[in-house]
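Okay, so here's the structure we're looking at.
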Amino acid sequence: MRKIITALAVGTALTALLGTTAAATAPTARADVGWGAIAVSSGGNIGNAWDYNDKYAAENAALGQCGWGDCKVLTSFTGCGAVANSWSAGLYTGGYGPNRGSAENAARQYSDSYIVSSICN
């Protein structure tokens, strides 16, 4: 009987220890991921916003920073975003990605595109 009780006590202690270890090493969710946006006017004014709580707040902030009535949000993102301009096409284009390089590549949609804005959260 004593062996059974000892085995039960050791098993309970081991379970508690392993449970505590597993709980201590479990990954935690990131609560600090922010939203960003880039807006551009037809005349080339740029509005950048980053680290906002949601997409719409970031877009509104970017539009406010742009400051003209014809400003348009060209990209919204949680990682990185970029806007490029093409002289030949006469267009601004936006892109996003997990890092600055991929966002800039996504924004370059024409062979003569050049980056006018690039930001990350």
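For the sequence shown, the working numbering gives the first residue as 912, with consecutive numbering after it. Even glycine gets a Cβ: it sits at the ideal position worked out from N, Cα and C.
Sort the options by Cα distance to residue i and report the nearest one.
| i | options | result |
| --- | --- | --- |
| Lys966 | Ile1026, Ser999, Arg1011 and Gly992 | Gly992 |
| Asp962 | Ala973, Ser997, Ala1014 and Asn956 | Ala973 |
| Thr989 | Asp981, Tyr1007 and Ala1018 | Tyr1007 |
| Ser1029 | Asn956, Ala1014, Asp1023 and Gln1020 | Ala1014 |
| Cys982 | Ala1018, Ala1000, Asn956 and Gly1012 | Asn956 |
| Ala1000 | Val951, Ser952 and Gln1020 | Gln1020 |
| Pro1009 | Ser953, Asn1032, Ser952 and Gly980 | Asn1032 |
Give a yes or no on whether 9 Å exceeds the smallest Cβ distance from residue i to chain D.
| i | result |
| --- | --- |
| Gly955 | This model lacks chain D altogether, as it is built from one protein chain only. |
Name the DSSP bridge partner or partners of residue i?
| i | result |
| --- | --- |
| Ala950 | Gly958 and Val984 |
| Cys991 | Gly1008 and Cys1031 |
| Tyr963 | Trp946 |
| Tyr1025 | Asn996 |
Where residue i and residue j are concerned, what is the direct C-alpha to C-alpha distance, given to the nearest angstrom?
| i | j | result |
| --- | --- | --- |
| Gly975 | Gly958 | 7 Å |
| Thr985 | Ser1024 | Looking at the sequence provided, one finds Leu at residue 985 rather than Thr. When rounded, the distance between both Cα atoms is 15 Å. |
| Ala934 | Gly978 | Annotation note: pLDDT 40 at Ala934 (below 50); position unreliable, no value reported. |
| Ala937 | Ser1022 | At Ala937 the pLDDT is 37, less than 50, meaning the model places this residue with poor confidence; the figure from the coordinates comes in the next sentence. Approximately 46 Å between the Cα atoms of the pair. |
| Ser997 | Ala960 | 23 Å |
In terms of residues, what are the limits of the beta strand (DSSP E) holding residue i?
| i | result |
| --- | --- |
| Ser999 | Where Ser999 is concerned, there is no enclosing beta strand (DSSP E), given that its DSSP letter is neither H nor E. |
For the alpha helix (DSSP H) containing residue i, name the first residue and the last one.
| i | result |
| --- | --- |
| Gly975 | Lys966 to Cys977 |
Check: Touching or not, the stretch 964–980 and the stretch 943–953, by the rule of three or more beta carbon pairs under 8 Å?
Finding: Yes, they touch.
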